[in-house]
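Just below is one structure, and these are the notes that go with it.
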Amino acid sequence: MHRRWRTRLTALLVAAATSLCIAPSASAEVAATATNTVCALSPDKQGVYRWNGSGTTWTKVGGPANWLYGGGYGLFATSPHGSGIFRYLNSPNSWQHVGGPGRTWAVTNNSLYGLAPNGDAVYRWNDSGTAWTKVGGPASWLYGGGLALFATAPDGRAIFGYDRPNNAWVHVGGPGSEWAVTDTAIFGLSPNKQGVFRWNGSGTAWTQIGGPADQIVPCP
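When the letters of the sequence shown are read in order and numbered with mature numbering (1 follows the signal peptide of the UniProt record, and there is no 0), they come out as residues -28 to -1, 1 to 192.
Laid out in structure tokens, this is it:
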């Protein structure tokens, strides 16, 4: 998998995600999932920090990095030098090179997924070394969470859920301007950002749960 890294995010929130937060005028991207603490990338991208769980004490666990991806499966960071994506081994400054490059990445409760630089294929890390398995074709972007992995079509007009046991992709809806995956559901923001919707869990039926919003993200 090959890519040049995106560089706009300065911090990634990793927290319990069983509901949805709507940001009418948000200016920064955050992503949440089911873990028990939060990790952040410093503004100068020179350090990755993990909150110690109380007060304002943080421990530096790595860095520099370009982007963080976190979820139930673990914490991952992309290299600022284009050398790939790394997995945090739960000990400060201990990271494992697992692959890369790629256009984007997504973490579920049991896997790390990556999108090829040109968007022509979706891959799943094989859990060891730097070997990956192709699990899907062309996509625009990946969205991961406790529920599952989701991918938008290259034209952005549809979103598909990955059925890992059957190695199949299921059309669940679309189009949308943004998507948010929690432990139990996937939510979408309409193309004109005038409504927030929740997938009903089967087929392509969705229920509107809110009005206009600028951004949606998972949150505790």
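Even for Gly, the Cβ is constructed at its ideal location relative to N, Cα and C.
Is G19 near G35, with beta carbons less than 8 Å apart?
It is a contact, given that the beta carbons lie within the stated cut-off.
How big is the Cα-Cα spacing for G133 and V107?
The straight-line gap from Cα to Cα measures roughly 12 Å.
Got a sec, what are the start and stop residues for the beta strand (DSSP E) H143 sits in?
140 to 145 is the extent of the beta strand (DSSP E) around H143.
Check each candidate in G118, S14, L114, P15 and name the one with the smallest Cα separation from W77.
When each option's Cα is compared against that of W77, the closest is L114.
Going by alpha carbons, who is nearest to K32 out of G46, Y60, S55, R96?
Here the closest residue by C-alpha is Y60.
Using a Cβ-Cβ cut-off of 7 Å (strictly less than) and excluding sequence neighbours within five positions of L119, which residues of its own chain qualify?
Correct list, in chain order: V153, T154, D155, T156, A157, I158.
With distances taken from CA atoms, which of G91, W97, T105 is nearest V79?
The option with the nearest alpha carbon to V79 is W97.
Hey, out of A103, D92, W141, I188, whose CA is closest to G72's CA?
Closest by alpha carbon: A103.
Could you spell out the range, first to last residue, of the beta strand (DSSP E) harbouring Q187?
It spans 187 to 191 - the beta strand (DSSP E) in which Q187 sits, taken as one unbroken run.
Looking only at its own chain, which residues have a Cβ that is under 7 Å from the Cβ of H143, when we skip the five neighbours before and after it?
Hits under 7 Å: A130, F132, T176.
Per DSSP, what kind of secondary structure is R136 in: helix, strand or coil?
R136 falls in the helix class under three-state DSSP.
If you drop the 5 nearest sequence neighbours on each side, which residues of the same chain put their C-beta closer than 6 Å to that of Q180?
Taken in chain order, the residues that qualify are G167, F169.
According to the Cβ coordinates, are G116 and Y85 closer than 8 Å?
In contact: G116 and Y85 (Cβ atoms closer than 8 Å).
Suppose the cutoff is 6 Å on Cβ atoms and the five residues either side in sequence are ignored; what does the same chain contact list for E150 look like?
Correct list, in chain order: L161, I188.
Does the Cβ of A88 have 16 or more other Cβ atoms within 10 Å, making it buried, or fewer, making it exposed?
So A88 counts as buried.
On the DSSP bridge list, what partners appear for Q158?
The sequence shown places Ile at residue 158, rather than the Gln named in the question. Partner(s): V153.
Can you tell me whether DSSP reads Q18 as helix, strand or coil?
Correct three-state label for Q18: coil.
Relative to the ligand ADP, is the shortest distance from any of its heavy atoms to the C-beta of E150 smaller than 7 Å?
Here there are no bound small molecules, and the ligand ADP is not part of this structure.
Distance, Cα to Cα, G182 vs S66?
Going from the Cα of G182 to the Cα of S66 covers about 43 Å.
For the putative contact between G145 and T124, defined by C-beta atoms under 8 Å, what is the C-beta separation to the nearest angstrom?
The pair is not a contact, with the Cβ atoms about 10 Å apart (cut-off 8 Å).
What's the C-alpha gap between Y45 and D92?
Cα-Cα distance, rounded: 25 Å.
List the residues that DSSP assigns as beta-bridge partners of L170.
For clarity, residue 170 is Arg in the given sequence; the question names Leu instead. Paired residue(s): F159, T179.
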